[in-house]
Amino acid sequence: MSAFLLTACGSQSSSSSKQSNKSVAKSSSSKKQSAASSSSSSLKQSASSSSNSSAKASSTAKTTKVDDKTAGVMLMLLVEPDYLKQYIGNDYFCYSPAGENPINDATAADYSYLTANGDPTSFLYYKVDGNTVTYKMWMVSDSRTVADGHFETKTVSLSTLENDYYVTQSQKDEVNSYVSQCKHTITIRDDN
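To get the working numbering, take the position in the sequence shown, counting from 1, and add 919.
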């Protein structure tokens, strides 16, 4: 009802706004009451609309402009840059997209990965979900043994990776060069 009153008030003609002082005074108290309830309702609708808009804006604020493999290379530049630069040209440095992971590990089954095919510490598992990149790395145990190690899971925003590694043309050229050198795991298995 209050929404109707707001609509009706907003569509008054100029002739109806020139009413006499007597009729204005008479309707003034009822307008104050309806304005108070309309204002409350409007504020609630406005707040709800604003929060819905904010939620929508934040979920679509950053449109990904890179593919999964490129996101992985930028992530590796963040967490293991020396490893990437040392092994990127070797025949076993590879990329495996999620769903094609040949390793039967439920912990990383829905993750893509990059590796030079060493021990478990050489794998960088990751998945991109909107602007969030979740990644897992195998950490050696306190006694420095790989077998007794564990996964550490962390997150970083894709926009942070893009802002740090994919802004200038020289950055894009460097990242794209690494991406082009990553073999797909299927190619490596077929070559052997």
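We treat Cβ as the ideally placed atom computed from N, Cα and C, and that holds for glycine. Since the structure is predicted, the reported quantities are computational estimates derived from the model, not experimental observations.
Distance from the CA atom of Ser-1099 to the CA atom of Ala-1066, rounded to whole angstroms, is 32 Å. When Thr-1079, Lys-988, Tyr-1032 and Lys-1004 are compared, the shortest CA-CA separation from Phe-1042 is found for Tyr-1032.
The straight-line gap separating the alpha-carbon atoms of Lys-1102 and Phe-1070 is approximately 25 Å. Remark: C-beta atoms of Met-995 and Leu-1080 do not approach each other more closely than 7 Å. Just measuring C-alpha positions, the residue of Thr-1026, Tyr-1045, Phe-1012 and Gln-1090 sitting nearest Gly-1037 is Phe-1012.
Residue pairing for Lys-984: DSSP places it in no beta bridge. The region 990-1039 is shown to contain whole beta strand (DSSP E) runs of 3 or more residues at 1013-1015 and 1031-1034, in chain order. Within 10 angstroms of the beta-carbon of Ser-1062 lie fewer than 16 other beta-carbons, which makes it exposed. Between Lys-1055 and Thr-1072, the beta carbon gap of about 5 Å places them in contact (Cβ cut-off 8 Å). Exclusion of the five residues before and after Asp-1083 leaves no residue of its chain whose Cβ lies closer than 6 Å to its Cβ. The closest CA to that of Thr-1034, considering only Gln-1088, Lys-988 and Thr-1087, is found on Lys-988.
Between Ser-1089 and Asn-1050, the beta carbon gap of about 24 Å keeps them out of contact (Cβ cut-off 8 Å).
Within the same chain, Phe-1012 and Ala-1035 come within 6 Å of Tyr-1006 by CB-CB distance, once the 5 residues on both sides are set aside.
Of Ala-1025, Glu-1019 and Val-1052, the smallest CA-CA separation from Val-998 is found for Val-1052. Following the DSSP letters along the chain, one finds Ser-1099 inside the alpha helix (DSSP H) bounded by residues 1088-1100.
The three-state secondary structure of Asp-1067, taken from DSSP, is coil.
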